[in-house]
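All letters in the sequence shown, in the order written, are residues 38 to 217 by our numbering. One structure below.
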Amino acid sequence: MLGKNVPLVTFRTRVRDESIEGPNPFRWEDKTSDDYFKGKRVVLFSLPGAFTPTCSTYQLPDFEKLYEEFKAEGIDEIYCVSVNDAFVMNAWAKAQNIDNVKVIPDGSGEFTHKMGMLVAKDNLGFGMRSWRYGAVINDGAVELWFEEEGFSDNCETDPYGASSPQNILDTLRAAKSKAA
Ligand code: BEZ
């Protein structure tokens with residue numbers, strides 16, 4: 038994956054729009070990979086599902102807490118992708134009080150498929166989802182890659198370590214001190 042460009046896809050997001058009256062002031066807004074990645078150095082992490090235990094207890098909240106530390110390492114944004122629709126992703130971010138991490142809905146799985154990270158999770162009744170991974174993406178190209186071990190369909194376990202914020206931050210810091 039190192040050096041490869043992320044695929045160019047369109048994400049169907051839902052954004053708040055105060056000009057819309059009523060109880061649900063949101064509208065569709067299409068965003069492309071370029072909107073998210075062009076001209077920025079970002080951390081992307083992708084996980085099997087919104088509201089799932091490891092993702093909700095550790096990965097998403099820990100990225101949220103460590104946001105300023107990532108900024109100090111030259112990261113402009115932190116993105117969380119999942120094969121879930123925009124309604125689910127927004128509800129999950131709200132439930133988790135997320136302000137810093139931006140969630141990206143890959144409801145159709147197109148981005149995840151083109152990243153080569155789509156796996157079956159039919160054993161859990163999930164259908165096709167993302168294998169858990171993280172990456173540092175610099176101007177659309179993969180600079181660092183953090184894939185959990187055991188990539189496979191219908192995996193009985195949910196490995197978590199390589200793509201943790203702590204591991205990615207440690208790797209960024211080590212790379213910086215090696216370069217200094
Ligand atoms: C978890 O985050 O703990 C999890 C993810 C996918 C399936 C089951 C659990």
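Using N, Cα and C, we set each Cβ at its ideal position, and we do this for glycine too. These numbers come from a predicted model, not from an experiment.
DSSP places residue 183 in the strand class (E or B) of the three-state scheme. Secondary structure note for residue 175: its beta strand (DSSP E) is the uninterrupted segment 170–175. For the pair residue 83 and residue 154, the CB atoms are nearer than the 8 Å cut-off. Residue pairing by DSSP places residue 84 opposite 119 in a beta bridge. Within its own chain, the residues whose Cβ lies closer than 7 Å to the Cβ of residue 159, once the five positions on either side in sequence are excluded, are 191, listed in chain order.
Under the three-state reduction of DSSP output, residue 126 falls in the helix class.
Chain-ordered, the residues whose CB falls short of 6 Å from any heavy atom of the ligand BEZ come out as 85, 86, 89, 90, 91, 92, 161, 195. Of 44, 206, 196, 187, the smallest CA-CA separation from residue 181 is found for 206.
For residue 189, no beta strand (DSSP E) encloses it, and the DSSP letter there is neither H nor E.
In the three-state scheme derived from DSSP, where H, G and I count as helix and E and B as strand, residue 103 is classed as coil. In this structure residue 202 is in contact with residue 100, their Cβ atoms being roughly 5 Å apart against a cut-off of 8 Å.
With 16 or more other CB atoms across the displayed protein chains lying within 10 angstroms of its CB, residue 129 is buried.
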